[in-house]
Amino acid sequence: MDIKELNQLLKLPNNKFEGHLILKGHDIIWTLHFVQGRLIYAADGLHGVRRWNYTINQNFPKFKLNIAAAQLSTHQYWQLYLLDQGFKEQQLSLVRAKLLLRAVIQECLFELSQCTYVTSEWQPAELPVSRLCCTIALSPWEIDIILNKVNDMQQAWQHLGMTGTSPQLSPTLKNPVNHQHLPISHQYLTGTYTLWQIATNLAQPIEEVAKPLIPLIQDQSLELKKLPDLPLANVQLSPMSLSRVPDNATAVSMPQQSSVIRSSPISAKPYELVP
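Every position in the sequence shown, counted from 1, becomes a number in the working numbering once 313 is added.
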């Protein structure tokens with residue numbers, strides 16, 4: 314999907330609409346939340362908990378909410394609930410919350426840009442967030458900046474020969490390798506971190522993380538594997554609650570609603586989760 318098609322999708326909700334834009338492609342579901350026509354969060358059906366954890370840990374390492382993870386099961390769109398609670402408990406600042414939001418949305422839009430076929434469904438709804446939380450919703454100008462960045466990422470990803478390979482995959486060493494010869498720390502090549510998470514932890518662009526790994530992939534020393542999501546009970550609510558990702562973690566599926574207001578197919582470029 315090219316940037317023009319992505320931009321077309323994001324303009325479906327006008328400034329009078331509030332609700333969820335559900336996008337489906339290759340058995341993956343993305344939910345984009347809009348308030349007054351502005352994008353306030355994006356989540357995918359694969360790594361909602363993982364993405365929240367590493368993004369919140371990067372932007373708010375001291376983030377702590379006085380709620381239990383068990384409470385989240387009662388909230389269909391739990392990320393919006395946590396953002397709102399973060400403002401109410403004064404754990405989030407507007408500036409850094411914007412940075413968090415941009416990082417999450419940029420990742421989701423990049424993944425969408427790799428899809429071959431996407432259908433869209435608009436679900437009107439009143440978002441359960443405060444006015445203060447609504448102020449972090451992205452303006453059209455901010456969306457344009459993100460789309461320009463996604464376009465640059467597309468070109469860099471294609472130049473690396475990684476088209477069709479998802480950053481949600483996890484690099485995993487197949488054979489013993491001298492740790493001193495590895496381009497990044499061995500801990501990131503044990504099948505417990507996605508490429509997105511590694512890039513976030515190292516504060517590097519995704520293409521810079523992937524580039525030195527390509528020779529290892531080519532000589533079959535390294536493979537990229539699918540990684541399930543963490544259970545919702547493992548969502549980060551305090552600095553101590555972010556635990557190591559278990560290899561056999563149970564995936565969290567995105568709740569779906571039945572009402573459909575608009576549905577339209579869009580074709581684009583190849584994208585798969587399997588490298």
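Cβ atoms here follow ideal geometry from the backbone N, Cα and C, with glycine treated the same way.
Given the structure is predicted, the values throughout are model-derived calculations rather than measurements.
Exposure label - residue i; buried when at least 16 CB within 10 Å
i	result
His333	buried
His472	exposed
Gln403	exposed
Gln510	buried
Met314	buried
Asn366	buried
Trp454	exposed
Asn600	There is no way to answer for residue 600, as the model of the chain reaches only from 314 to 588.
Val287	No statement about residue 287 is possible, as the shown extent of the chain runs from 314 to 588 and does not include it.
Asp465	exposed
His346	buried
Glu521	exposed
Thr387	exposed
Pro480	buried
His360	buried
Leu323	buried
Ala383	exposed
Asn488	exposed
Boundaries (first-last residue) of the beta strand (DSSP E) holding residue i
i	result
His346	Ile341 to Val348
In DSSP terms, what residue i is bridged to
i	result
Trp435	Leu334
Arg351	Val348
Ser483	Lys538
Thr503	Thr485
Leu451	Leu352
Tyr367	DSSP lists no partner for Tyr367.
Residue range of the unbroken alpha helix (DSSP H) whose run includes residue i
i	result
Leu359	Taken as a continuous stretch (DSSP letters only), Leu359 belongs to no alpha helix (DSSP H), as it is neither H nor E.
Met314	Per DSSP, Met314 belongs to no alpha helix (DSSP H) and is neither H nor E.
Val442	Per DSSP, Val442 belongs to no alpha helix (DSSP H) and is neither H nor E.
Ser426	Leu407 to Ser426
Leu393	Trp391 to Lys401
Ile530	Ile527 to Gln531
Leu515	Leu508 to Leu515
Ile519	Ile519 to Ala523
Option nearest residue i by Cα separation, candidates the options
i	options	result
Leu495	Ala516, Thr507, Asn547 and Ala523	Ala523
Ile449	Glu424, Leu486 and Asp397	Asp397
Leu508	Ile456, Ile353, Glu536 and Ser443	Glu536
Thr478	Lys487, Thr513 and Gln467	Gln467
Glu439	Glu521, Ala416, Arg363 and Gly350	Gly350
Val442	Ala383, Glu521, Trp343 and Trp391	Trp391
Ile530	Lys401, Gly474, Leu352 and Ser406	Gly474
Lys538	Asn370, Thr503 and Asp457	Thr503
Ile456	Leu395, Ala355, Ile341 and Leu336	Ala355
Asp357	Ile380, Phe423, Leu412 and Gln384	Phe423
Ile353	Ala410, Gln549 and Asp542	Ala410
Gln427	Ala383, Lys337 and Pro528	Lys337
Leu378	Thr505, Gly399, Asn461 and Leu385	Gly399
Any chain C beta carbon closer than 8 Å to residue i
i	result
Leu393	Any reference to chain C falls outside this structure, which holds one protein chain only.
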